[in-house]
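Undergrad: Heads up, the sequence shown is in the UniProt record's numbering, so the first residue is 1 and it goes up one at a time. For glycine and all other residues, C-beta sits at the position ideal for the given N, C-alpha and C. Handing you a structure now.
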Amino acid sequence: MQHAACNCRRQTGLIHDTQQGSHALPWRLCDLHATEKFDSTCDGDNLSNRLHKEQESNIMLVNLALSLLALMFPSGTDSPHRVRYFYAGGEYTPLPATGEHIRTGQIYVEKLTPTRVTQPYPIVLIHGQAQTGTNWLNKPDGQPGWASYFLAQGYECYLLDQPFRGRSPWQWWNGELETYSAEHLQRYFTAPEQYELWPQAKLHTQWPGSGVMHDPIFDEYYASTVPFVSDNVPQETAMQKAGVALLDRIGTPVILLAHSQGGIMAWLLADQRPDLVQLIVSLEPGGPPFRNAAFGNGTTRAYGLTDIPIAYTPAVVDPATDLVTTTIPATHPDEVGCVIQAESPPARQLANLQQTPVVLVTSEASYHAPYDWCTVHFLRQAGVSTEHVRLADWGLRGNGHMMFLEKNSDDVAALVHERIQRFS
């Protein structure tokens, strides 16, 4: 008769890797019950020998499993995850010539779910102008991007293409398209140290490669850029509608992680769905308020942060008259002055946006370095709890506007993650 102590059965064990999650592997485990008596032999074999063999077998299987996992998910590769895609928003529009309908204004969304979701809030990543959701996948040097980083931390991630861009279709009536030249990206994104168009540009060191045409990393990056609608009003309007549809579909509070022009979109989404936005992390959002600074100095963003209406209290009907502004000087020689709300009458408050905390991130060498302080000042003046994270203050030096594609991008992501954890 077989003893209970030797009643071995096939089970599934979990090998857990802190970076890759848990992986199921089968091996034999002897069900030893300490409370039961057993003889020194089992089915004629010495029990201790059988246990020793079982242990050796298990160790061999575990080592084999870990070796396989190392081959499957070596350091510097993507974390295991499930990918699904869908479209959010959009509406049917009649064609003028036939009256038949097409759908326009929808956004392409990739939902990336890690093997184990351990974080309470999904992250919605919103790219900037001339970019697509591919910004967040692998970097142009072939290394994993921020999507991989945050998946490894246990976040569910949503990557989107803004309306009329990438896999989100454009129709001729959506607006005229513009394309950034390679030279424009060299000057402002990848090699500003060679042009020194603003004081901090000379500090740029983190772009991999030379950052100019015919460098393979630059060529890979430039190939990923796309045409974009040049008129901000239809772009913001369409993104607000489709983004709200996305938040409604997710249905639970999210973290908006937005870059550049995407930062403007984050303000608009949180304004419409404050109950569905836990936190905004804005990487150098479009700014500064009311006027340009890096690309000329013309007036823009009539509502301060946006070109289309955003909720204020008291309400703003005509921003040209209702938002009374003043100019304040820079506090540092390498910065520019700001247009903000005047002290009299009292500054209007951002009625919905002030319900959502903001972490605004500025790199050391970007063209945003001279003026992001203005956006922070404007937000705080309007009642929005805002933390300004200057990467250089945290020992992260030499980054430009595309910090999440640069050599130390994981270090920047780790800092962003640490700030996010304060709100989770």
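Can you say whether Y85 is buried or exposed, counting buried as having 16 or more other CB atoms within 10 angstroms of its CB?
TA: Position 85 of the sequence shown holds residue 85. Y85 comes out exposed.
Undergrad: Which runs of the alpha helix (DSSP H) spanning at least 4 residues fall entirely within the region 125-160, listed in chain order?
TA: The qualifying runs are 146-152.
Undergrad: Compare the C-alpha of K407 against each of W146, T98, T115, T134 and name the closest.
TA: Along the sequence shown, one-based indexing puts residue 407 at 407. Between K407 and the set W146, T98, T115, T134, the nearest pair of CA atoms involves W146.
Undergrad: By how many angstroms is the C-alpha of I280 removed from the C-alpha of R273?
TA: For the purposes of this step, residue 273 is identified with residue 273 of the sequence shown, where counting begins at 1. For the purposes of this step, residue 280 is identified with residue 280 of the sequence shown, where counting begins at 1. Approximately 12 angstroms, taken between the alpha carbons.
Undergrad: Does G21 come out as helix, strand or coil in the three-state DSSP assignment?
TA: Start at 1 with the first residue of the sequence shown, and residue 21 comes out as number 21. Per-residue confidence for G21 stands at a pLDDT of 42, beneath the threshold of 50, marking its modelled position as unreliable; the derived number appears in the next sentence. Correct three-state label for G21: strand.
Undergrad: Taking the CB atoms as reference points, tell me whether residue 427 and P370 lie closer together than 8 angstroms.
TA: Past the boundaries of the shown model lies residue 427; the chain is included only from 1 to 424, so the question cannot be answered.
Undergrad: Rounding to the nearest angstrom, what Cα-Cα distance links D231 and N292 in this structure?
TA: Locating residue 231 in the sequence shown gives position 231, counting from the first residue. Locating residue 292 in the sequence shown gives position 292, counting from the first residue. Cα-Cα distance, rounded: 15 angstroms.
Undergrad: Can the beta-carbon of A311 be found closer than 8 angstroms to that of T325?
TA: Taking the sequence shown and counting its residues from 1, the one referred to as residue 311 is at position 311. Taking the sequence shown and counting its residues from 1, the one referred to as residue 325 is at position 325. No, Cβ-Cβ distance for A311 and T325 is not below 8 angstroms.
Undergrad: Cβ atoms of A294 and Y367: under 8 angstroms apart, would you say?
TA: If you number the sequence shown from 1, residue 367 lands on position 367. If you number the sequence shown from 1, residue 294 lands on position 294. Contact flag set, yes.
Undergrad: For P199, name the three-state secondary structure that DSSP assigns.
TA: Residue 199 sits at position 199 when you count from the first residue of the sequence shown. Three-state DSSP puts P199 in a helix.
Undergrad: Starting from A328 and walking both ways along the beta strand (DSSP E), at which residues does that stretch end?
TA: Locating residue 328 in the sequence shown gives position 328, counting from the first residue. Per the sequence presented here, residue 328 reads as Ile, with Ala not at that position. Taken as a continuous stretch (DSSP letters only), the beta strand (DSSP E) holding I328 covers 325-328.
Undergrad: Using the three-state DSSP reduction, which class does F86 fall into: helix, strand or coil?
TA: For the purposes of this step, residue 86 is identified with residue 86 of the sequence shown, where counting begins at 1. F86 falls in the strand class under three-state DSSP.
Undergrad: Among the residues of its own chain, which have a CB less than 6 angstroms from the CB of N352, if the five just before and after it don't count?
TA: By one-based count along the sequence shown, residue 352 stands at place 352. Same-chain partners within the cutoff: D271, P274, A311.
Undergrad: Please state whether DSSP places R397 in a helix, a strand or coil.
TA: On the sequence shown, residue 397 is found 397 positions in, with the first residue counted as 1. R397: coil per DSSP, three-state reduction.
Undergrad: Between the alpha carbons of N135 and S344, how many angstroms are there, rounded?
TA: Stepping through the sequence shown from its first residue, residue 135 is reached at position 135. Stepping through the sequence shown from its first residue, residue 344 is reached at position 344. Rounded to the nearest whole angstrom, the C-alpha separation of N135 and S344 is 43 angstroms.
Undergrad: Quick check: the Cα distance between G337 and G99, rounded to an integer number of angstroms?
TA: Here residue 337 corresponds to residue number 337 of the sequence shown, with the count starting at 1. Here residue 99 corresponds to residue number 99 of the sequence shown, with the count starting at 1. Near 52 angstroms, if we compare the C-alpha coordinates of G99 and G337.
Undergrad: What does Y92 pair with, by DSSP beta-bridge criteria?
TA: Here residue 92 refers to the residue found at position 92 when the sequence shown is read from its first residue. Y92 is bridged by DSSP to R103.
Undergrad: Does the beta-carbon distance from L160 to L112 come in below 8 angstroms?
TA: Locating residue 160 in the sequence shown gives position 160, counting from the first residue. Locating residue 112 in the sequence shown gives position 112, counting from the first residue. Contact: no.
Undergrad: Check each candidate in G251, I123, G262 and name the one with the smallest Cα separation from Q240.
TA: Here residue 240 refers to the residue found at position 240 when the sequence shown is read from its first residue. If we check each option's Cα against that of Q240, G262 comes out closest.
Undergrad: I need the straight-line Cα distance from C157 to S385, nearest angstrom please.
TA: As a first step, residue 157 is located in the sequence shown; it is residue number 157 there, counting from the start. As a first step, residue 385 is located in the sequence shown; it is residue number 385 there, counting from the start. Going from the Cα of C157 to the Cα of S385 covers about 25 angstroms.
Undergrad: Flag this pair as yes or no: are the beta carbons of V109 and L268 separated by less than 8 angstroms?
TA: The count along the sequence shown starts at 1 and reaches residue 109 at position 109. The count along the sequence shown starts at 1 and reaches residue 268 at position 268. Contact flag unset, no.
Undergrad: In chain order, what are the residue ranges of uninterrupted beta strand (DSSP E) at least 3 long that sit wholly in the region 253-318?
TA: 254-259, 277-283
Undergrad: Out of curiosity, what's the CA-to-CA distance linking F404 and S260?
TA: One-based indexing of the sequence shown puts residue 404 at position 404. One-based indexing of the sequence shown puts residue 260 at position 260. Roughly 12 angstroms separates the two Cα atoms.
Undergrad: For C338, which residues does DSSP report across the bridge?
TA: Here residue 338 corresponds to residue number 338 of the sequence shown, with the count starting at 1. C338 pairs with I328.
Undergrad: Please classify S363 as buried or exposed, where buried requires at least 16 neighbouring CB atoms within 10 angstroms.
TA: Here residue 363 refers to the residue found at position 363 of the sequence shown. So S363 ends up on the buried side.
Undergrad: Evaluate the contact criterion for the region 210-221 versus the region 188-199: three or more CB pairs, one atom per stretch, below 8 angstroms.
TA: In short, these stretches touch, since the Cβ pair count reaches three.
Undergrad: Please list the terminal residues of the continuous beta strand (DSSP E) segment that includes R419.
TA: In the sequence shown, counting from the first residue as 1, residue 419 sits at position 419. First-last for R419: 409-421, but that is the alpha helix (DSSP H), not the beta strand (DSSP E).
Undergrad: Cα separation between D410 and H401?
TA: Here residue 410 refers to the residue found at position 410 of the sequence shown. Here residue 401 refers to the residue found at position 401 of the sequence shown. Rounded to whole angstroms, D410 to H401 spans 15 angstroms at the Cα level.
Undergrad: Quick check on the DSSP output: the beta strand (DSSP E) that includes E176 runs from which residue to which?
TA: To locate residue 176, count along the sequence shown from 1; it is residue 176. Judged by DSSP secondary structure, E176 falls outside any beta strand (DSSP E); it is assigned neither H nor E.
Undergrad: Any idea which residues DSSP pairs T386 with across the strands?
TA: Numbered from its first residue, the sequence shown carries residue 386 at position 386. For T386, the pairing in a beta bridge is given by DSSP as V358.
Undergrad: Secondary structure at P183, three-state DSSP: helix, strand or coil?
TA: Your numbering for residue 183 matches position 183 in the sequence shown. Looking at the sequence itself, residue 183 is Glu, so the reference to Pro does not match. E183: helix per DSSP, three-state reduction.
Undergrad: Rounded to the nearest angstrom, how far is the Cβ of A242 from that of G105, given a contact under 8 angstroms?
TA: Taking the sequence shown and counting its residues from 1, the one referred to as residue 242 is at position 242. Taking the sequence shown and counting its residues from 1, the one referred to as residue 105 is at position 105. Contact holds; Cβ gap of about 6 angstroms.
Undergrad: Report the rounded CA-to-CA distance for W394 versus E387, giving the unit in angstroms.
TA: Working through the sequence shown from its first residue, we reach residue 394 at position 394. Working through the sequence shown from its first residue, we reach residue 387 at position 387. Each residue's alpha carbon lies about 14 angstroms from the other.
Undergrad: Could you give the C-beta distance for I126 and T237, rounded to a whole number, given that I count them as a contact under 8 angstroms?
TA: Your numbering for residue 126 matches position 126 in the sequence shown. Your numbering for residue 237 matches position 237 in the sequence shown. Going by Cβ atoms, the distance from I126 to T237 rounds to 15 angstroms, so no, they are not a contact pair.
Undergrad: Quick check: the Cα distance between L185 and M265, rounded to an integer number of angstroms?
TA: Taking the sequence shown and counting its residues from 1, one reaches residue 185 at position 185. Taking the sequence shown and counting its residues from 1, one reaches residue 265 at position 265. Computed Cα separation, rounded: 22 angstroms.
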